[in-house]
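Here the structure comes first, spelled out in structure tokens, and everything after it is commentary.
What follows is the structure, given as structure tokens:
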């Protein structure tokens, strides 16, 4: 069984360590995975266990070949008080992030290019913290 919450924390922690070490390529990749796993954890915990549909929701933070991505799927599940308390910015900061970038040469990444992704992952990380402080996860 997938443990999206643990995966979120693991990817976030590793991304932050790599960011500090200026290992931009791997940090950037892990920021995307941290955000994706964090959003899936929030969907599971806020909406309900079993809420994730493997055919619709097991998508990356950004998908070129699919109509949805984890950012938009999360937004589509929010309603009621969660829609206000746990909202994300409408614009997906990962719109230029691709899972296939794991194959890209590391010279294609720098601190400037990944700051947007780091900010998006940090927003998800903050929502996880908020949900935890409210006893929701």
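Numbering (my numbering), first residue to last: -1 to 135. We put the beta carbon where it would ideally sit given N, CA and C, even for glycine.
**Study point:** Segment limits, alpha helix (DSSP H) that includes residue 70
**Key:** 68 to 75
Point to revise | Beta-carbon separation (whole angstroms), residue 76 vs residue 121, contact threshold 8 Å | key: No, residue 76 and residue 121 are not in contact; Cβ-Cβ is about 14 Å, not under 8 Å.
Review point. Out of 126, 124, 95, which has the shortest C-alpha to C-alpha gap to residue 111?
Key: 95
Check your understanding: Start and end of the alpha helix (DSSP H) containing residue 13?
Key -> 2 to 18
**Study point:** Length-filtered (3 minimum) beta strand (DSSP E) runs lying within the stretch 84 to 114
**Key:** none
Check your understanding: Straight-line CA distance for residue 135 to residue 126?
Key -> 8 Å
Point to revise | Enclosing alpha helix (DSSP H) for residue 38 [first to last residue] | key: 22 to 40
Check your understanding: So residue 107 and residue 11 are in contact, right, with Cβ under 8 Å, and what is the actual spacing, rounded?
Key -> Actually they are not in contact, since the Cβ atoms of residue 107 and residue 11 sit about 19 Å apart, beyond 8 Å.
Review point. For residue 135, which three-state DSSP category applies?
Key: coil
Exercise for review: Go ahead and label residue 102 buried or exposed: buried means 16 or more other beta carbons lie within 10 angstroms of its beta carbon, across all protein chains shown.
Suggested key: exposed
Exercise for review: Measure the Cβ-Cβ separation of residue 90 and residue 113 and say whether it is below 8 Å.
Suggested key: no
Review point. Going by alpha carbons, who is nearest to residue 118 out of 88, 100, 22?
Key: 88
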